[in-house]
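Structure record follows, encoded as structure tokens.
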Amino acid sequence: MSTNQTKAQRRDAARAEALALQKKQQAREKRSRLIVLSALGLGLAVLVVAVVLIFLEGQKTPMEKVDNIPAGVVQDTGIPVGAEGTAGTTNEGAKTLDVYVDYMCPVCGQFEALNGASIAEMREAGDLTLVVHPVSILDRASQGTEYSTRAAAAAAWVADRAPEQFSAFHDAMFASQPEEQTPGLSDEQIAQVAEQAGVPADVAAGISDGTAHETYEEWVSASSEVAGDDPDLRNAQGGFGTPTVVIDGERFETWQNPGALTEAITGEAPASEEPSAEPSAEPSE
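For the sequence shown, position 24 matches number 24 in our numbering, and the numbering has no gaps at all.
Here it is, written out as structure tokens:
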């Protein structure tokens, strides 16, 4: 500031300098407010997006939340098997036999013992397409090992990785069926069953090391929930149990009578009746 300025000029210059500093401070405060408001706006936008995503996730069906579904599956939960016993194949023009099974379920074992041979004969003859729905409703009966889920996941693994051996593996699992209230088979033992059924060793290794369970556990859980929530699959007591047998979309209740299933598929007369067995049931969660 020049020493030749008058007192009034120095006062005016000081005022101008103070005004300039005030404007700079106001500009800084404005920028700060804009930054804060922008951050708040961005945070609000992120929150809105998160809420929308959570809402959309909640609107998904159980199956829509599943990342891994076995190849060739129909109706989201069923593994079709045609004449050659290969998963993912069908017999064109044949009736469809849907069977919902839990590999721990003793009544499913009875169903297989009573009808397995005739089902295979009709399937190989092209009279029906078998659709296996592996579900898990009896994990509570395997002392905490989740055998039902692990067995169903192994079936899904074989259907996807070794489809030509699926039918043989399915049959072998019931031939090796453990009793309820036991730990069931270990993953290593299920893998041995698979290899004995002709499943390649590298595919069976995925069962023994837990990869099959990890890959298809969500699918098994979703399949079980979908089946349990389907009103068309409920029994006379209003619940879902295994085995549930469906022919061309209609529940078939008299599979316990020898020959009745064959008659329903082909029209052949059934053999004499034997005492019936009640399917296992557990309320859907």
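Ideal placement from N, C-alpha and C gives every residue a C-beta, glycine not left out.
Cβ separation of residue i and residue j, assumed to be a contact under 8 Å, to the nearest whole Å
i      : j      : result
Ala83  : Arg140 : With 8 Å as the limit, Ala83 and Arg140 do not qualify as a contact, their Cβ atoms being about 37 Å apart.
Tyr216 : Gly184 : Not quite, the Cβ-Cβ distance comes to about 17 Å (not below 8 Å), so this is no contact.
Met63  : Ala212 : So it is not a contact: roughly 19 Å between Cβ atoms.
Thr90  : Asp248 : The Cβ separation is near 13 Å, so there is no contact.
Val220 : Thr149 : 5 Å
Ile207 : Ala197 : 11 Å between Cβ atoms; not a contact.
Residue from the options whose Cα sits closest to the Cα of residue i
i      : options                           : result
Glu179 : Ala113, Gly109 and Ala156         : Gly109
Gly117 : Phe240, Thr262 and Ala20          : For clarity, residue 117 is Ala in the given sequence; the question names Gly instead. Among Phe240, Thr262 and Ala20, the Cα nearest to that of Ala117 is on Thr262.
Leu233 : Phe252, Ala16 and Ile35           : Phe252
Pro214 : Asn68, Leu42, Lys23 and Gln25     : Just to set this straight, residue 214 is Glu in the shown sequence, not Pro. Checked all of Asn68, Leu42, Lys23 and Gln25; the closest Cα to Glu214 is Asn68.
Val73  : Lys95, Ala264 and Trp157          : Trp157
Ile265 : Ala125, Val81, Ser38 and Ile35    : Ala125
Met104 : Ser186, Asn115 and Asp76          : Ser186
Gly88  : Ala159, Pro258 and Ile190         : Ala159
Val81  : Gly239, Ala175, Ala162 and Gly259 : Ala162
Ala151 : Gly238, Glu188 and Gln237         : Glu188
Ala260 : Asn115, Gly93, Lys60 and Ala94    : Asn115
Thr86  : Val246, Gly239 and Val199         : Val199
Inter-residue Cα distance where the pair is residue i and residue j
i      : j      : result
Leu130 : Glu164 : 14 Å
Gln192 : Ala113 : 21 Å
Lys30  : Glu17  : 20 Å
Gln9   : Gln25  : 24 Å
Gly241 : Ile190 : 24 Å
Ala120 : Gly78  : 17 Å
Asp209 : Val203 : 10 Å
Trp309 : Thr244 : Here the chain has residues from 1 to 285 only, and residue 309 is not among them.
Met173 : Leu44  : 54 Å
Ser32  : Ala71  : 56 Å
Leu21  : Gly41  : 30 Å
Ala175 : Phe111 : 12 Å
Ala155 : Ala205 : 14 Å
Asp76  : Leu37  : 48 Å
Pro258 : Ala236 : 22 Å
Thr182 : Asp127 : 38 Å
Ala153 : Glu218 : 9 Å
Arg11  : Gln5   : 10 Å
Ala39  : Lys7   : 48 Å
Ile137 : Glu92  : 32 Å
Gly238 : Ala94  : 30 Å
Val246 : Gly144 : 31 Å
Thr61  : Lys23  : 59 Å
Ala27  : Leu19  : 12 Å
Residue i classed as buried or exposed, judged by whether at least 16 other C-beta atoms fall within 10 angstroms
i      : result
Gln177 : buried
Leu56  : Confidence at Leu56 is low in this model, with a pLDDT of 49, below 50, so its placement is unreliable and the value that follows should be read with caution. When all chains shown are included, Leu56 counts as exposed.
Val107 : buried
Ile35  : exposed
Ser224 : buried
Gly267 : exposed
Ala13  : exposed
Arg15  : exposed
Met1   : With a pLDDT of only 48 at Met1, under 50, the local geometry of the prediction cannot be trusted, and the value read off the model is given with reservation. Classification for Met1: exposed.
Ala201 : exposed
Next on the checklist: For the structure I just gave you, are there three or more beta carbon pairs, one from the region 221-231 and one from the region 164-172, closer than 8 Å?
Outcome noted: The region 221-231 vs the region 164-172: no contact.
Checklist entry - Between the region 95-102 and the region 133-151, are three or more C-beta pairs nearer than 8 Å? => result With a cut-off of 8 Å, the region 133-151 and the region 95-102 count as touching, because enough Cβ pairs lie within range.
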